[in-house]
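Please read the structure below before turning to the comments.
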Amino acid sequence: MKRVALLSAALLLSVTASFGSGVLVEAESFRDKGGWAVDQQFMDQMGSPYLIAHGMGKPVADAVTTVEFPETGTYRVYVRTFNWVAPWYDGEGPGKFALRVGSRKLSATLGCTGSEWMWQCAGKVSVRKGPVSVSLTDLSGFDGRCDAVYFTTEEGDVPPSGSAELAAFRKRMLGIPATPQTAESFDFVVVGGGIAGMCAAAAASRLGCSVALVNDRPVLGGNNSSEIRVHLGGVIELGPNEGLGRMIREFGHSREGNARPAENYEDAKKSAFIAGEQNVKLFSSCRAVAVNKEGGRIKSVIVRHIETGEETTLEAPLFADCTGDGTVGFLAGADFRMGRESRDEFGEELAPAAADRMTMGSSVQWYSVDAGKKTDFPVFSYGLRFDETNCEKVTMGEWKWETGMNLDQIADFERIRDYGLLVIYSNWSFLKNGLKDNAKYRNRELGWVAYVAGKRESRRLLGDYVLKQDDIDKNVFHEDASFTATWDIDLHFPDSLNSVRFPGREFKAATKHIHIYPHAVPYRCLYSRNVDNLFMAGRNISVTHVALGTVRVMRTTGMMGEVVGMAASLCRKYDASPRLIYQKHLGELRRLMREGVGRKEGLPDNQKFNTGGSLKAPRALRND
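Using our numbering, read the sequence shown as starting at 1 and increasing by one per residue.
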């Protein structure tokens with residue numbers, strides 16, 4: 001059920017005289033979303049999720065809800081929206097949609113003007129007191145987006161645009177209390193429902209902890225979900241702790257490949273895996289938005305449902321940041337790095353001479369399908385020109401379609417994702433409408449384009465140890481050796497030909513795979529050095545940019561999660577901090593890692609693909 005706030009003029013004026021009687025409808029809470037999808041990826045920057053009409057060039061079905069109007073009258077209507085091609089094109093954009101109130105379609109075409117998120121005036125409408133149908137009508141299929149709709153009877157009553165003011169306005173209008181009214185307590189709170197978070201939650205659960213698992217999407221798996229479609233990588237059940245990784249066989253998909261049909265990634269198997277853990281409570285479609293601390297410890301995390309806006313406080317003595325972006329760590333003031341270290345700082349030959357902010361990018365994957373007959377695609381030209389010499393003559397794009405390496409993967413993430421969409425649509429439009437010899441594409445149409453981008457790198461939280469290239473090259477022994485990294489040092493950078501063709505606007509990546517000897521990573525990389533009760537697992541652990549190239553694949557991050565879940569159980573057993581497990585209980589952690597907590601019987605041997613190459617000796621010790 002959607003959340004609609006109805007405020008009387010008296011109540012609103014008691015807060016601020018600048019607002020009149022109004023009705024706010026959050027788009028993500030529409031009762032029937034039709035073909036529109038909830039996009040939560042950027043809510044930390046813009047304050048809210050929004051609805052996106054991701055039709056790949058074909059208009060999607062209307063999103064419809066019912067609004068209870070407090071009084072009969074004429075209402076001015078404002079829609080918060082964004083012309084998403086504005087960074088590259090000075091003109092009317094493609095993300096067009098209309099608003100219908102009752103039987104009347106308002107005159108304004110929305111989503112195609114302006115250069116930033118804004119409240120666009122949709123017009124005026126007369127309505128009677130009581131329930132009235134409101135719908136969003138997509139006019140293009142090209143990712144029109146709606147954050148919220150505001151109805152007001154007072155002239156000049158336009159909602160604020162500033163982030164802090166808008167957040168306060170939302171809470172007032174929606175009747176959301178300043179502090180969450182619901183609190184739940186657990187032994188362990190894991191934020192992030194990718195492979196690392198799933199394994200952390202399951203491991204701790206099987207060792208007796210009550211666990212909250214927070215996932216900000218409706219499906220589990222992160223980059224391995226059907227929303228992004230990156231296959232699992234790395235080798236499991238290897239090294240000094242061979243028990244690690246067996247758990248992944250329980251839910252890991254069996255078919256290899258990126259950018260394949262949704263069923264290949266077996267979302268239902270992941271859901272069943274977590275549902276089968278009796279000690280795990282899943283907070284699906286919930287995002288961590290705030291942290292409460294006492295001294296150097298996290299006391300609780302506040303999570304917000306991405307559709308209802310309802311907030312819940314999750315209390316625990318232990319937390320794990322498996323968000324990829326290090327969101328919980330950032331909110332808690334944990335030390336972190338972002339970008340590339342200098343060559344001299346850690347003595348890494350693969351690092352640049354000077355430190356910079358460059359990261360690996362994010363991929364917007366896609367594929368086309370044969371429709372069996374000639375198909376059309378709209379002419380799409382919004383600031384990015386393709387021709388016979390620079391177009392990509394392909395029928396699909398997977399990991400190499402990667403953007404944003406020179407941008408901020410958090411602050412600029414919507415722009416990064418949107419550029420990925422711009423490239424795909426622009427190139428496909430040329431193949432369909434401009435390429436002279438396009439027989440290969442005549443009967444093909446876009447079958448799937450991701451709107452959730454697959455991110456590789458952003459914040460890396462700092463632990464008591466920072467893994468570096470030297471550790472990997474020399475296979476440095478650490479007494480707290482935990483999971484084993486097997487993937488190559490795989491650092492992405494802009495493709496050289498793509499840079500020539502699109503200087504400063506690259507959208508393809510290249511890499512040089514540097515094989516490694518399997519290396520067991522210190523446990524000290526898996527907890528924060530300055531937030532006493534915070535673990536981390538995934539691409540946000542304590543490593544340099546160079547070392548991230550080998551630990552970031554998902555079978556490897558799953559094993560990180562297992563280690564964190566095991567360590568959390570020992571923290572509970574001994575009332576200890578993550579650091580104290582290293583200092584006083586390392587032997588017991590070793591025993592758990594060797595034994596593992598994955599099922600021992602009846603597991604399929606289904607994880608033999610995308611394992612990468614490996615050396616027979618550490619790279620620094622080879623003579624060839």
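The C-beta atom is built at its ideal place from N, Cα and C for all residues, glycine as well.
Of the choices 164, 300, 496 and 97, whose alpha-carbon is the least far from that of residue 180?
Position 180 of the sequence shown holds residue 180. Nearest C-alpha to residue 180: 300.
In chain order, which alpha helix (DSSP H) runs of at least 4 residues are fully inside the stretch 348-386?
none
Smallest Cα separation from residue 246: which of 614, 600, 142 and 611?
Numbered from its first residue, the sequence shown carries residue 246 at position 246. Here the closest residue by C-alpha is 600.
Starting from residue 138, follow the beta strand (DSSP E) in both directions and report where the run begins and ends.
Counting from 1 along the sequence shown, the entry for residue 138 is found at position 138. That run of the beta strand (DSSP E) goes 130-138.
What residues in its chain sit with their C-beta under 7 Å from that of residue 206, if we drop five residues either side in the sequence?
For the purposes of this step, residue 206 is taken as residue 206 along the sequence shown, with counting starting at 1. 597, listed in sequence order.
Alpha helix (DSSP H) runs wholly inside the stretch 528-590, at least 4 long, in chain order:
The qualifying runs are 545-551, 554-574 and 578-584.
Given a cut-off of 8 Å on the beta-carbon distance, is the pair residue 562 and residue 166 in contact?
Position 562 of the sequence shown, counting from 1, holds the residue named residue 562. Position 166 of the sequence shown, counting from 1, holds the residue named residue 166. Going by C-beta atoms, residue 562 is not nearer than 8 Å to residue 166.
Could you name the residues that DSSP lists as bridge partners for residue 291?
On the sequence shown, position 291 is the one that residue 291 refers to. The partner list for residue 291 (beta bridge, DSSP) reads 301.
Quick check: the Cα distance between residue 198 and residue 131, rounded to an integer number of angstroms?
Position 198 of the sequence shown, counted from the start, is the residue given in the question as residue 198. Position 131 of the sequence shown, counted from the start, is the residue given in the question as residue 131. Near 42 Å, if we compare the C-alpha coordinates of residue 131 and residue 198.
Looking at residue 383 and residue 85, is the spacing between their C-beta atoms short of 8 Å?
Numbered from its first residue, the sequence shown carries residue 85 at position 85. Numbered from its first residue, the sequence shown carries residue 383 at position 383. It is a contact, given that the beta carbons lie within the stated cut-off.
Quick check on DSSP: helix, strand or coil for residue 632?
This structure does not reach residue 632, given that the chain is present from 1 up to 624, and the question cannot be answered.
Would you mind reading off the limits of the alpha helix (DSSP H) that contains residue 501?
Counting from one through the sequence shown, the residue named residue 501 turns up at place 501. It spans 496-501 - the alpha helix (DSSP H) in which residue 501 sits, taken as one unbroken run.
Which partner residues of residue 512 appear in the DSSP bridge assignment?
Taking the first residue of the sequence shown as position 1, residue 512 is located at position 512. For residue 512, which the question treats as bridged, DSSP gives no partner whatsoever.
With distances taken between CB atoms, is the gap from residue 484 to residue 192 smaller than 8 Å?
On the sequence shown, residue 484 is found 484 positions in, with the first residue counted as 1. On the sequence shown, residue 192 is found 192 positions in, with the first residue counted as 1. Not closer than 8 Å, so no.
Residue 275 CB to nearest chain D CB: under 8 Å?
The structure shown contains no chain D; it holds only a single protein chain.
Where do the N-terminal and C-terminal ends of the alpha helix (DSSP H) with residue 143 fall, by residue?
The residue given as residue 143 occupies position 143 in the sequence shown. It is not in any alpha helix (DSSP H) - residue 143 instead sits in the beta strand (DSSP E) that spans 142-152.
I want to check one thing, is the minimum distance from the CB of residue 437 to the heavy atoms of the ligand ADP below 7 Å?
Ligands in the displayed structure: none, and consequently the ligand ADP is not present.
Strand pairing of residue 195, partner residues [DSSP]
For the purposes of this step, residue 195 is taken as the residue at position 195 of the sequence shown. None; residue 195 has no bridge partner.
Can you tell me whether residue 617 is helix, strand or coil according to DSSP?
Within the sequence shown, numbered from 1, the residue matching residue 617 stands at position 617. Reduced to three states, the DSSP call for residue 617 is coil.
Alpha-carbon spacing of residue 560 relative to residue 196, whole angstroms
The sequence position of residue 560 within the sequence shown is 560, counting from 1. The sequence position of residue 196 within the sequence shown is 196, counting from 1. Between residue 560 and residue 196, the C-alpha separation is close to 6 Å.
Cβ contact check for the stretch 389-409 and the stretch 474-488: 3 or more pairs under 8 Å
no
Would DSSP call residue 120 helix, strand or coil?
Looking up residue 120 in the sequence shown gives position 120. Residue 120 sits in a strand when the DSSP states are folded into three classes.
Is DSSP giving residue 443 helix, strand or coil here?
Along the sequence shown, read from residue 1 onward, the residue named residue 443 stands at position 443. In the displayed model, residue 443 falls within coil according to three-state DSSP, outside both helix and strand.
For a quick check, are the C-beta atoms of residue 23 and residue 72 less than 8 Å apart?
Here residue 23 refers to the residue found at position 23 when the sequence shown is read from its first residue. Here residue 72 refers to the residue found at position 72 when the sequence shown is read from its first residue. It is not a contact, given that the beta carbons lie outside the stated cut-off.
Rounded separation between residue 52 and residue 144 - CA only:
Position 52 of the sequence shown holds residue 52. Position 144 of the sequence shown holds residue 144. Cα to Cα, residue 52 sits roughly 6 Å from residue 144.
Just the Cα atoms here: how many angstroms apart are residue 14 and residue 70?
Position 14 of the sequence shown, counted from the first residue, corresponds to residue 14. Position 70 of the sequence shown, counted from the first residue, corresponds to residue 70. Residue placement at residue 14 is flagged as unreliable, the pLDDT there being 21, under the threshold of 50; the coordinate-derived value follows with that caveat. Residue 14 and residue 70: Cα-Cα distance of roughly 18 Å.
Less than 8 Å between the beta carbons of residue 212 and residue 189, yes or no?
Numbered from its first residue, the sequence shown carries residue 212 at position 212. Numbered from its first residue, the sequence shown carries residue 189 at position 189. Going by C-beta atoms, residue 212 is nearer than 8 Å to residue 189.
Apply the 10 Å Cβ neighbour rule to residue 550 and answer buried if 16 or more other Cβ atoms are within range, or exposed otherwise.
Your numbering for residue 550 matches position 550 in the sequence shown. Classification of residue 550: buried, given that the 10 Å Cβ count is 16 or more.
Under a Cβ-count criterion, where at least 16 other Cβ atoms within 10 Å of its own Cβ denotes burial, should residue 11 be classed as buried or exposed?
On the sequence shown, position 11 is the one that residue 11 refers to. At residue 11 the pLDDT is 28, less than 50, meaning the model places this residue with poor confidence and gives no usable figure here.
Residues of its chain near residue 379, where Cβ-Cβ distance is below 8 Å and the 5 sequence neighbours each way are ignored:
Position 379 of the sequence shown, counted from the start, is the residue given in the question as residue 379. So the qualifying residues of the chain are 429 and 433.
Cα-Cα separation, residue 214 to residue 348:
Residue mapping note: residue 214 aligns to position 214 of the sequence shown, counting from 1. Residue mapping note: residue 348 aligns to position 348 of the sequence shown, counting from 1. Those two C-alpha atoms are separated by around 36 Å.
For residue 228, the nearest candidate out of 219, 234 and 235 (CA to CA)
Locating residue 228 in the sequence shown gives position 228, where the first residue counts as 1. Among 219, 234 and 235, the Cα nearest to that of residue 228 is on 219.
Can you check whether the CB of residue 604 is closer than 8 Å to the CB of residue 249?
Locating residue 249 in the sequence shown gives position 249, where the first residue counts as 1. Locating residue 604 in the sequence shown gives position 604, where the first residue counts as 1. Yes, these two residues count as a Cβ contact at 8 Å.
Using the Cα positions of residue 590 and residue 480, report the straight-line distance between them to the nearest angstrom.
Position 590 of the sequence shown, counted from the start, is the residue given in the question as residue 590. Position 480 of the sequence shown, counted from the start, is the residue given in the question as residue 480. Between residue 590 and residue 480, the C-alpha separation is close to 8 Å.
Hey, would you say residue 32 sits closer than 8 Å to residue 65, going by beta carbons?
Working through the sequence shown from its first residue, we reach residue 32 at position 32. Working through the sequence shown from its first residue, we reach residue 65 at position 65. Yes, the Cβ-Cβ distance between residue 32 and residue 65 is below 8 Å.
Quick check on residue 1: buried or exposed, where buried means 16 or more other Cβ atoms within 10 Å of its Cβ?
The residue labelled residue 1 in the question sits at position 1 within the sequence shown. Legend: pLDDT at residue 1 = 28, less than 50; position of this residue unreliable, value from coordinates given subsequently. Under this definition residue 1 is an exposed residue.
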